[in-house]
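Residue numbers (our numbering), protein chains in the order written: chain A, 49 to 542; chain B, 35 to 242. Cβ coordinates follow ideal geometry from the N, Cα and C atoms, glycine included. Step one of this worksheet: look at the structure below.
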Amino acid sequence: MARPPGPRLVCLGCGDTVSAGTLYDKVWDRHCVAELPGGSTQLFIGLHLIHEVTSPQAFAALRDLGLGVRHPERTVATVDHIVPTTSQARPFADPLAEEMLATLERNCAEHGITLHGLGSGRQGIVHVIAPELGLTQPGMTVACGDSHTSTHGAFGAIAFGIGTSQVRDVLASQSLAMNKLKVRRILVEGRLQPGVFAKDLVLHIIRSLGVKGGVGYAYEFAGSCIEALSMEERMTLCNMAIEGGARCGYVNPDATTFAYIQGRPFAPEGAAWDRAVAWWSSLASGAEAVFDDEVVFEAGTIAPTVTWGITPGQGIGVDESVPSLADTPVDERPLAEEAYRYMDLQPGMPIAGVPIDVCFIGSCTNGRLSDLQAAAAVARGRQVAPGLKAFVVPGSEQVAAAAEAEGLDAVFTAAGFEWREPGCSMCLAMNPDRLEGRQISASSSNRNFKGRQGSASGRTLLMSPAMVAAAAVTGRVSDVRDLLALVPLQVPVG
Amino acid sequence: MSSSLPPRPFPAGPIASVTGTAVVVRGDDIDTDRIIPARFLKCVTFEGLAEGAFADDRTELAGAHAFDRAEHQGASLLLVNRNFGCGSSREHAPQALMRWGIRAVVGESFAEIFYGNCLALGLPCLTAGHDTMRALQEAALAAPTAPLCLTLADATLEGYGQRWPLELPAGPLQMLTTGQWDATAQLLSHHAELSRTLGALPYANGFH
Numbered sequence: 049m050a051r052p053p054g055p056r057l058v059c060l061g062c063g064d065t066v067s068a069g070t071l072y073d074k075v076w077d078r079h080c081v082a083e084l085p086g087g088s089t090q091l092f093i094g095l096h097l098i099h100e101v102t103s104p105q106a107f108a109a110l111r112d113l114g115l116g117v118r119h120p121e122r123t124v125a126t127v128d129h130i131v132p133t134t135s136q137a138r139p140f141a142d143p144l145a146e147e148m149l150a151t152l153e154r155n156c157a158e159h160g161i162t163l164h165g166l167g168s169g170r171q172g173i174v175h176v177i178a179p180e181l182g183l184t185q186p187g188m189t190v191a192c193g194d195s196h197t198s199t200h201g202a203f204g205a206i207a208f209g210i211g212t213s214q215v216r217d218v219l220a221s222q223s224l225a226m227n228k229l230k231v232r233r234i235l236v237e238g239r240l241q242p243g244v245f246a247k248d249l250v251l252h253i254i255r256s257l258g259v260k261g262g263v264g265y266a267y268e269f270a271g272s273c274i275e276a277l278s279m280e281e282r283m284t285l286c287n288m289a290i291e292g293g294a295r296c297g298y299v300n301p302d303a304t305t306f307a308y309i310q311g312r313p314f315a316p317e318g319a320a321w322d323r324a325v326a327w328w329s330s331l332a333s334g335a336e337a338v339f340d341d342e343v344v345f346e347a348g349t350i351a352p353t354v355t356w357g358i359t360p361g362q363g364i365g366v367d368e369s370v371p372s373l374a375d376t377p378v379d380e381r382p383l384a385e386e387a388y389r390y391m392d393l394q395p396g397m398p399i400a401g402v403p404i405d406v407c408f409i410g411s412c413t414n415g416r417l418s419d420l421q422a423a424a425a426v427a428r429g430r431q432v433a434p435g436l437k438a439f440v441v442p443g444s445e446q447v448a449a450a451a452e453a454e455g456l457d458a459v460f461t462a463a464g465f466e467w468r469e470p471g472c473s474m475c476l477a478m479n480p481d482r483l484e485g486r487q488i489s490a491s492s493s494n495r496n497f498k499g500r501q502g503s504a505s506g507r508t509l510l511m512s513p514a515m516v517a518a519a520a521v522t523g524r525v526s527d528v529r530d531l532l533a534l535v536p537l538q539v540p541v542g
Numbered sequence: 035m036s037s038s039l040p041p042r043p044f045p046a047g048p049i050a051s052v053t054g055t056a057v058v059v060r061g062d063d064i065d066t067d068r069i070i071p072a073r074f075l076k077c078v079t080f081e082g083l084a085e086g087a088f089a090d091d092r093t094e095l096a097g098a099h100a101f102d103r104a105e106h107q108g109a110s111l112l113l114v115n116r117n118f119g120c121g122s123s124r125e126h127a128p129q130a131l132m133r134w135g136i137r138a139v140v141g142e143s144f145a146e147i148f149y150g151n152c153l154a155l156g157l158p159c160l161t162a163g164h165d166t167m168r169a170l171q172e173a174a175l176a177a178p179t180a181p182l183c184l185t186l187a188d189a190t191l192e193g194y195g196q197r198w199p200l201e202l203p204a205g206p207l208q209m210l211t212t213g214q215w216d217a218t219a220q221l222l223s224h225h226a227e228l229s230r231t232l233g234a235l236p237y238a239n240g241f242h
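Okay, structure coming up:
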């Protein structure tokens, strides 16, 4: 990481932010409804996504206030957090989970909101299904009662997580009281090395800028590396902006974006498609855009990255060792000491070789088809290490169907992985999938917080799906590049 | 447990001050999974969340956690450090703190979504610099039952024999002290403006 030389930008106007001409500014301006007392802005919300965990109290509040849903056609629901991934037969074995889904079904029916439920062919993790259905589009404001709503920024949308009071506000008014963020451009130049994925890139960025570094900012990801990423890779990247403290992250829409959207169920068609592409293109940050801050990364130097601690910022290259206190900034040492104790990892020990109990491939970060393909490429023809539990949870019913159509389920099951039904699963353990006791997981999810995966003493190492598969077949943290037998390109002879 | 005390009513209308004793939860980057573990989110109301506040940390410390200590029962101010409330957007986190009895949080910094959730519930979050916060926490630990008075208008905390200068941005200050921290009514008052905004957005009109 390097900060570009030269003076920092200085605010010349009335507000805190100086950004201008960025996608964030353009989308913000087009969604402003009114200025509110207290200085916040009423922002129109183009797409509101809801699920069973953070919406029931919002609907109850509407009822208490005697309010209805202003634009039910702009809210879309699915069920993801609490669904079991072994059997999704109703009623669920867990009565609390059943009550949550039944409540969502009742609320959606009462207010005329579309629910993509179990078995519909469109159910899945909310941040997986909205893009794959073509609901998420450039230039929209997207809100959802889930912090990983930043995912949708991959399309050049301004997308952010909200709390339940705000879910109520969007339902009632299709708008939110918001304060404008500053914009930091994160330029990533060059190419990721083979075996290094978007997950590694974002873990590296968070490691460098810190879990608080993005507070108050939207992150614009740009540069030649970002432009070369697929939409699914961009989603992984933007998904974890929030783990760096940035409530939203985005990538400017381009030909890759448009190619992904075209033909999906809710995408514009015909003449409307051409007008849509023209409008979307006009929103990208231009050459004249002014940013509040800018940092630069070189993609080619990034290794497969693994977290060793209890925040997503405590990450290291798979070829590195757990940092010592001496190598840790003074103000981060208490957290490092807490992490050593909790993780039972010693400073100075290599992260490669740490034994693993459970391997989880899935989540809104890494539960898409290309993630499963990358993991399957490692699992193919190998076997899960003895005594290790490994399972794969597709991000949606569509992802599951696509993976099964190309035989990935068979690759995984032949290797000893369990192939599950779609849901959030062990990312946050609001369902039967959870760690037990002191188990340590290799996980393609997004958070390694204490207790996150369902055991108060359970431990999580975050990494890419390919790295999780590598851990599964070796029984320990391993450099996936060794298993992929990556060799330099051979020049054809003759 | 605070359950032995009568529940403190949730704020309604203008909030000028918060009085009471303080409880200290030290550490940077305390995430909302720690404030309220996910298993407590299996509910369709926020009632009963008090027992989930810091549940795993409390179990780990077997009664020694600040939220379990007798001298902190009934506390209304929570003193924290940097990036408090990071991670999940769950509003269950401030709900759990409020149902335990917390009515204001003072810390070095807050995660954004958490801060907004608190504001929407009328739970003021004020900030202070690292050294001030450290001294304030030390004072609170030394005199856990000392009464404090947090005044929003000038963002000061009186207690432990001195006045502690804090920070509260003008926007949240105005919202809290005028009772307009719940945005719903304001948002609903701009019906025509919202229709105009919607009408000008190509995607909301089929790109016609």
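For the segment 148-169 of chain A, which residues have a beta carbon sitting closer than 7 angstroms to at least one beta carbon of chain C?
-> Reference to chain C is not applicable here, since the protein chains of this structure are A and B.
Assuming residue 138 of chain B contacts residue 52 of chain B (C-beta within less than 8 angstroms), just tell me the rounded distance between them.
-> 4 angstroms
Within 10 angstroms of the Cβ of residue 545 of chain A, are there 16 or more other Cβ atoms? Answer buried if so, exposed if not.
-> This structure leaves residue 545 of chain A out entirely; chain A is present only between 49 and 542.
In three-state terms, what does DSSP make of residue 213 of chain A?
-> helix
Other residues of its chain near residue 201 of chain B: CB distance less than 8 angstroms, five sequence neighbours each side excluded | 160, 161, 162, 189
Under the rule that 16 or more other beta-carbon atoms within 10 Å means buried, what is residue 511 of chain A, buried or exposed?
-> buried
Cα separation between residue 216 of chain A and residue 224 of chain B?
-> 16 angstroms
Please list, in chain order, all residues of the same chain as residue 124 of chain B whose beta carbon is under 7 angstroms from its beta carbon, the five residues on each side excluded.
-> 66, 70, 75
Check distances from the C-beta atoms of the segment 312-333 of chain A to those of chain B and list, in chain order, the residues that come in under 7 angstroms.
-> 316, 320, 323, 324, 327
Residues in its own chain within less than 6 angstroms of residue 263 of chain A by CB, not counting five upstream and five downstream?
-> 293
Is residue 207 of chain B helix, strand or coil by DSSP?
-> helix
Classify residue 397 of chain A as buried or exposed, calling it buried when 16 or more other Cβ atoms lie within 10 Å of its own Cβ.
-> exposed
Alpha carbon to alpha carbon, how far is residue 176 of chain A from residue 415 of chain A?
-> 8 angstroms
Quick check: the segment 106-121 of chain A against the segment 451-461 of chain A, are there 3 or more CB pairs under 8 angstroms?
-> no
Kindly say whether residue 477 of chain A, judged by its beta-carbon, lies nearer than 8 angstroms to any beta-carbon of chain B.
-> yes
Residue nearest to residue 117 of chain A in terms of C-alpha spacing, selected from A/90, A/222, A/371 = A/222
Classification of residue 381 of chain A by the beta-carbon crowding that lies within 10 angstroms, buried from 16 upward | exposed
Chain A within 8 angstroms of residue 167 of chain B, Cβ atoms only | no
CB-CB length for residue 402 of chain A against residue 483 of chain A, believed under 8 angstroms = With a Cβ gap of about 15 angstroms, residue 402 of chain A and residue 483 of chain A do not count as contacting.
Please go through the same chain and pick out, in chain order, the residues whose beta-carbon is closer than 6 angstroms to the beta-carbon of residue 41 of chain B, but skip the five residues on each side of it.
-> none
Whose Cβ in chain B lies nearer than 8 angstroms to the Cβ of residue 130 of chain A?
-> 76
Should residue 171 of chain B be flagged as near chain A, meaning a C-beta pair shorter than 8 angstroms?
-> no
For residue 265 of chain A, which beta-bridge partners are listed by DSSP?
-> A/230
Going along the segment 72-84 of chain A in order, which residues come within less than 8 angstroms of chain B, judged by CB to CB distance?
-> 78, 79, 80, 81, 82, 84
With a CB to CB cut of under 8 angstroms and the five nearest residues on each side skipped, what residues in its chain are close to residue 485 of chain A?
-> 503, 505, 506
Kindly say whether residue 158 of chain B, judged by its beta-carbon, lies nearer than 8 angstroms to any beta-carbon of chain A.
-> no
Is the beta carbon of residue 219 of chain A sitting closer than 8 angstroms to the one on residue 106 of chain A?
-> yes
Coil, strand or helix - residue 76 of chain A by DSSP | helix
Residues that DSSP places opposite residue 507 of chain A in a beta bridge | A/488
Classify residue 119 of chain A as buried or exposed, calling it buried when 16 or more other Cβ atoms lie within 10 Å of its own Cβ.
-> buried
When the cut-off is 8 angstroms and only beta carbons count, does residue 136 of chain B lie next to chain A?
-> no
Min CB distance residue 80 of chain B to chain A below 8 angstroms | yes
Enumerate in chain order the residues of its own chain whose CB-to-CB distance from residue 456 of chain A is below 6 angstroms, with the five nearest sequence positions on each side excluded.
-> 420, 424
So which residues on chain A does residue 99 of chain B lean against when the C-beta distance must stay under 7 angstroms?
-> Chain A residues near residue 99 of chain B: none, gap ~13 angstroms exceeds 7 angstroms.
Could you name the residues of the same chain whose beta carbon sits closer than 6 angstroms to that of residue 418 of chain A, not counting the 5 residues immediately before and after it, in chain order?
-> 280
Measuring only between beta-carbons, confirm whether residue 35 of chain B sits less than 8 angstroms from chain A.
-> The pLDDT assigned to residue 35 of chain B is 42, lower than 50, so where the model puts this residue is not dependable; a value taken from the coordinates is nonetheless given after this. It does not: the Cβ of residue 35 of chain B has no partner Cβ on chain A nearer than 8 angstroms.
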